[in-house]
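J.:
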Amino acid sequence: MQPTEGLRDEIGTNYADGSFAFDEPSPASFARRAAVVVAAWLLPGAGHLLLGRYGRAALFFITITGAFVLGMSLEGRLFWPTVAEPPSTFHFDLITILWFFAQIGSGLCYLVSYALGFGTAPHPEAATFEYGNTFMFLAGLLNYLVVHDAFDIAAGRKR
Amino acid sequence: MHVLMMSLYAAIAAVVLAAVDPKSDTTRQRLVHGLKIFGSFLGIGLLLSWVLFPVPW
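Residue numbers (our numbering), protein chains in the order written: chain R, 1 to 159; chain C, 1 to 57.
#1: Mind checking which residues open and close the alpha helix (DSSP H) that includes R:Trp41?
#2: Quick check: the Cα distance between R:Gly71 and R:Thr89, rounded to an integer number of angstroms?
#3: Would you give the residue range spanned by the alpha helix (DSSP H) that R:Val112 belongs to?
#4: Compare the C-beta of C:Ala10 against all C-beta atoms of chain R and say whether one is closer than 8 Å.
#5: From the DSSP output, which residues share a beta bridge with R:Phe92?
#6: Grouping DSSP H, G and I as helix and E and B as strand, with all else coil, what is C:Lys36?
#7: On the three-state DSSP scale, how would you describe R:Asp152?
#8: Between R:Leu42 and C:Val55, what straight-line distance do the alpha-carbon atoms span, to the nearest angstrom?
#9: Pick helix, strand or coil for R:Glu75, following the three-state DSSP scheme.
#10: Regarding C:Met5 and the ligand NAD, is the C-beta to nearest heavy atom distance less than 7 Å?
#11: Short check: CB of R:Phe60 to CB of C:Val16, under 8 Å?
#12: Between which two residues does the alpha helix (DSSP H) containing C:His2 stretch?
#13: Under 6 Å Cβ to Cβ from R:Glu75, same chain only, skipping five residues before and after it: list those, please.
#14: If I follow the unbroken alpha helix (DSSP H) through R:Ala57, where does it start and stop?
#15: If you run the structure through DSSP and keep just helix, strand and coil, what is R:Glu130?
#16: Do we get a CB-CB distance below 8 Å when we pair C:Pro54 with the residues of chain R?
#17: State yes or no: is the C-beta of R:Phe100 within less than 8 Å of the C-beta of R:Pro81?
#18: Using a Cβ-Cβ cutoff of 9 Å, what residues of the region 116-134 of chain R are near chain C? List them in chain order.
#19: For the region 1-15 of chain C against the region 26-36 of chain R, do three or more pairs of beta-carbon atoms, one drawn from each stretch, fall closer than 8 Å, so that the two count as touching?
#20: Is R:Ala121 helix, strand or coil when you go by DSSP?
#21: Quick one, are the C-beta atoms of C:Arg30 and C:Ala19 less than 8 Å apart?
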């Protein structure tokens, strides 16, 4: 048994004299926070990459981009706001706005696909059409969470 | 096909939701949390499909 005489509480002593400091996260500047948010939205995982969270960055890139590509390969389509038919008090068809909001969350995945014409010609006759749409919605909505997480880390609220 | 798609959906959602969980500090906590989410997705999905199976519309 080790004698307790002569021993002292190292943590308590060091904490009292200020030499022991907890590694508290510090908030980044506004410009850096904005850059992180934009990068995180454009490319899933890029925000965490800028913050040095390489593991999580790779995880988010693989899962979210994978979900979008899977959705596209299952004959999913891209949605954008369309004019309501027949005309209603609200100019646009509300459901297409919600679907567009869900998909645009995946950033460049949506924008590049749209620019290249992938998913712009819907194939509702395909057996996997709805599966594909659902995975593309999932990708965008999860990326909104990832953007929020990246902002929290940049703001010093989270490690 | 349905179960495979549901499992894939649950797996992707569980991975991301566990990784952004603010209450999990260690990898082990995130893993446990992710497994709970994955299990919940599958369990609730199967339960709903079983309950709704007799519904004719």
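Even glycine gets a Cβ: it sits at the ideal position worked out from N, Cα and C.
T.: So, from the data block:
#1: Phe30 to Leu42
#2: 33 Å
#3: Leu108 to Leu116
#4: no
#5: R:Val83
#6: helix
#7: helix
#8: 43 Å
#9: coil
#10: As far as ligands go, the structure on display features none, and thus does not contain the ligand NAD.
#11: yes
#12: His2 to Ala19
#13: His123, Ala126, Thr128, Phe129 and Gly132
#14: Tyr54 to Phe60
#15: helix
#16: no
#17: yes
#18: Ala127, Thr128, Tyr131 and Thr134
#19: no
#20: coil
#21: yes
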